[in-house]
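Engineer: Under our numbering, think of the first position of the sequence shown as 811, with each following residue one higher.
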Amino acid sequence: MKLFMENGIEELAKMSLEEIEKSKLSKDDIDVRLKWLGLFHRRKHQYGRFMMRLKLPNGVTTSAQTRYLASVIRKYGKDGCADVTTRQNWQIRGVVLPDVPEILKGLDEVGLTSLQSGMDNVRNPVGNPLAGIDPHEIIDTRPYNNLLSQYITANSRGNPALPTCKLCAFLSRKRNKRMGEEVKQRVQKHIYSCWYNFCRPRKWNVCVIGSHDLYEHPHINDLAYMPATKNGRFGFNLLVGGFFSTKRCAEAIPLDAWVPGDDILPVCKAILEASEILVQEETGRKQE
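Right, dumping it as structure tokens:
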């Protein structure tokens, strides 16, 4: 099933859980691949229900968007609720699969998306939570985070221009050579997901700093834009390499580089490409 193409999500939503459980490929769709669309199956604790994570650059929602999200939650009664996350995002809980196509359509109509909010993707761009009203802000981070999010997701369509994994190139060459039908389907799904920029070496965090308060925690982001001027021109100093998880923590370090404010997107692309190469090389060394 072409989950990320054509009407794949609509086809999956029409299947009963019994049908899905009988099909290994469809089971992988709801337990693994839907995460790239921001949907997480709560198999152990709430079987048949999903948590949906959104993409909210700088954590901003309009009144209309917030009311729509509330209407989705309200439908599920005691099974529905929402979290506000540390990366300025919303997570809606209690969603059932048959409702997903309509919810995705509703999100699109109010200018929201859940695309690329989970798994090994560029996560929600974070900025000053008081952006625009902070009397001590250095810059308003909202426009910059909107640009980053639009670039990363290509306005919620998926961005094939971003670097993807080397496995795709290999699989593209091999997929028609002595492969069974099931293996071909698995290969095709990986290529689809990677082409739509759902394939990163690991999750990747980015933030834009708006004030001296450092609400955005630049020290634990893969890329942090720190506002700075050079020769009277506004731009950003860069911090890179921050990481925070239950398994490993690393503090971001100064890249000793300044970039003009207009160059945040080329810089983001370059750092993404470099980080992917470094992670793949590190993985290769561990496997050796």
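Heads up, the beta-carbon is just placed ideally off N, CA and C, and yes, glycines get one too.
Below 8 Å, can you find three or more Cβ-Cβ pairs linking the segment 945-954 to the segment 893-909?
Structural biologist: no
Engineer: Roughly how many angstroms separate the alpha carbons of residue 863 and residue 1068, rounded to a whole number?
Structural biologist: Here residue 863 is taken as the residue at index 53 of the sequence shown, counted from 1. Here residue 1068 is taken as the residue at index 258 of the sequence shown, counted from 1. Rounded to whole angstroms, residue 863 to residue 1068 spans 33 Å at the Cα level.
Engineer: Residue 1070 and residue 1045 look like a contact to me (Cβ under 8 Å); what is the Cβ gap, rounded to whole Å?
Structural biologist: Start at 1 with the first residue of the sequence shown, and residue 1070 comes out as number 260. Start at 1 with the first residue of the sequence shown, and residue 1045 comes out as number 235. That pair is a contact at about 4 Å.
Engineer: With DSSP run on the structure shown, which of helix, strand or coil describes residue 1084?
Structural biologist: One-based indexing of the sequence shown puts residue 1084 at position 274. Helix at residue 1084.
Engineer: State the start and end residues of the unbroken alpha helix (DSSP H) segment that holds residue 910.
Structural biologist: The sequence position of residue 910 within the sequence shown is 100, counting from 1. Here the alpha helix (DSSP H) through residue 910 covers 910-919.
Engineer: Give the secondary structure of residue 1001 by DSSP, where H, G and I count as helix, E and B as strand, and everything else as coil.
Structural biologist: On the sequence shown, position 191 is the one that residue 1001 refers to. Per-residue confidence for residue 1001 stands at a pLDDT of 49, beneath the threshold of 50, marking its modelled position as unreliable; the derived number appears in the next sentence. Here residue 1001 sits in helix by DSSP.
Engineer: Tell me, to the nearest whole angstrom, how far the beta carbon of residue 853 is from that of residue 861; I am working on the premise that it is less than 8 Å.
Structural biologist: Here residue 853 refers to the residue found at position 43 when the sequence shown is read from its first residue. Here residue 861 refers to the residue found at position 51 when the sequence shown is read from its first residue. Contact doesn't hold; Cβ gap of about 11 Å is too wide.
Engineer: Answer yes or no: do residue 933 and residue 1014 have a C-beta to C-beta separation smaller than 8 Å?
Structural biologist: Here residue 933 refers to the residue found at position 123 of the sequence shown. Here residue 1014 refers to the residue found at position 204 of the sequence shown. In contact: residue 933 and residue 1014 (Cβ atoms closer than 8 Å).
Engineer: Tell me which same chain residues have a C-beta within less than 7 Å of the C-beta of residue 858, skipping the five on either side of it?
Structural biologist: As a working note, residue 858 is residue 48 in the sequence shown. Annotation for residue 858: 827 and 906 place their beta carbon closer than 7 Å to its own, counting only its chain and skipping 5 residues before and after.
Engineer: Between the C-alpha atoms of residue 915 and residue 1040, what's the straight-line distance to the nearest angstrom?
Structural biologist: In the sequence shown, residue 915 corresponds to position 105, counting from 1. In the sequence shown, residue 1040 corresponds to position 230, counting from 1. Whole-angstrom Cα-Cα distance: 45 Å.
Engineer: From residue 844 to residue 850, what distance separates their C-alpha atoms?
Structural biologist: Within the sequence shown, numbered from 1, the residue matching residue 844 stands at position 34. Within the sequence shown, numbered from 1, the residue matching residue 850 stands at position 40. Cα-Cα distance, rounded: 7 Å.
Engineer: The ligand ZN and residue 904: does any heavy atom of the ligand fall closer than 7 Å to the residue's C-beta?
Structural biologist: Of ligands this structure carries none, so the ligand ZN is not represented either.
Engineer: Here's a check: name, in chain order, each residue in its chain whose Cβ is nearer than 6 Å to the Cβ of residue 904, leaving out the five neighbours to either side.
Structural biologist: Counted from its first residue, the sequence shown places residue 904 at position 94. Within the same chain, residue 904 has close Cβ partners 859, 886, 889 and 890.
Engineer: Are the CB atoms of residue 1028 and residue 959 within a distance shorter than 8 Å?
Structural biologist: Translated into the one-based positions of the sequence shown, residue 959 becomes position 149. Translated into the one-based positions of the sequence shown, residue 1028 becomes position 218. Cβ atoms of residue 959 and residue 1028: not closer than 8 Å.
Engineer: DSSP state of residue 902, grouped into three classes?
Structural biologist: As a first step, residue 902 must be located in the sequence shown, where it is residue number 92. Residue 902: strand per DSSP, three-state reduction.
Engineer: How many whole angstroms separate the CB atoms of residue 883 and residue 892, which I take to be in contact at a CB cut-off of 8 Å?
Structural biologist: Start at 1 with the first residue of the sequence shown, and residue 883 comes out as number 73. Start at 1 with the first residue of the sequence shown, and residue 892 comes out as number 82. So it is a contact: roughly 5 Å between Cβ atoms.
Engineer: Within 10 angstroms of the Cβ of residue 1017, are there 16 or more other Cβ atoms? Answer buried if so, exposed if not.
Structural biologist: Translated into positions along the sequence shown, residue 1017 becomes position 207. It is buried - the Cβ of residue 1017 has at least 16 other Cβ atoms within 10 Å.
Engineer: Just the C-alpha distance for residue 1053 and residue 870, rounded to the nearest angstrom, thanks.
Structural biologist: The residue you call residue 1053 lines up with position 243 of the sequence shown. The residue you call residue 870 lines up with position 60 of the sequence shown. If you take the alpha carbons of residue 1053 and residue 870, they lie about 24 Å apart.
Engineer: How many Å lie between residue 1078 and residue 1033 at the Cα?
Structural biologist: The sequence position of residue 1078 within the sequence shown is 268, counting from 1. The sequence position of residue 1033 within the sequence shown is 223, counting from 1. One C-alpha to the other measures close to 8 Å.
Engineer: From residue 931 to residue 1043, what does the alpha carbon distance come to, in whole angstroms?
Structural biologist: Translated into the one-based positions of the sequence shown, residue 931 becomes position 121. Translated into the one-based positions of the sequence shown, residue 1043 becomes position 233. Roughly 32 Å between the two C-alpha positions.
Engineer: Figure out for me which residue from 879, 1036, 938 and 1073 has the closest Cα to the Cα of residue 957.
Structural biologist: The residue you call residue 957 lines up with position 147 of the sequence shown. Here the closest residue by C-alpha is 1073.
Engineer: Using CA coordinates, which residue listed in 1050, 1058, 939 and 855 is at the minimum distance from residue 1022?
Structural biologist: Along the sequence shown, one-based indexing puts residue 1022 at 212. With distances taken between CA atoms, residue 1022 lies nearest to 939 out of 1050, 1058, 939 and 855.
Engineer: Which residue's Cα is closest to the Cα of residue 1064: 1051, 913, 840 and 1058?
Structural biologist: Translated into positions along the sequence shown, residue 1064 becomes position 254. Minimum Cα distance to residue 1064 is reached at 1051.
Engineer: Alpha carbon to alpha carbon, how far is residue 848 from residue 926?
Structural biologist: Within the sequence shown, numbered from 1, the residue matching residue 848 stands at position 38. Within the sequence shown, numbered from 1, the residue matching residue 926 stands at position 116. Approximately 6 Å between the Cα atoms of the pair.
Engineer: So is residue 832 buried or exposed if we call it buried at 16+ other beta carbons inside 10 Å?
Structural biologist: Here residue 832 refers to the residue found at position 22 when the sequence shown is read from its first residue. Classification for residue 832: exposed.
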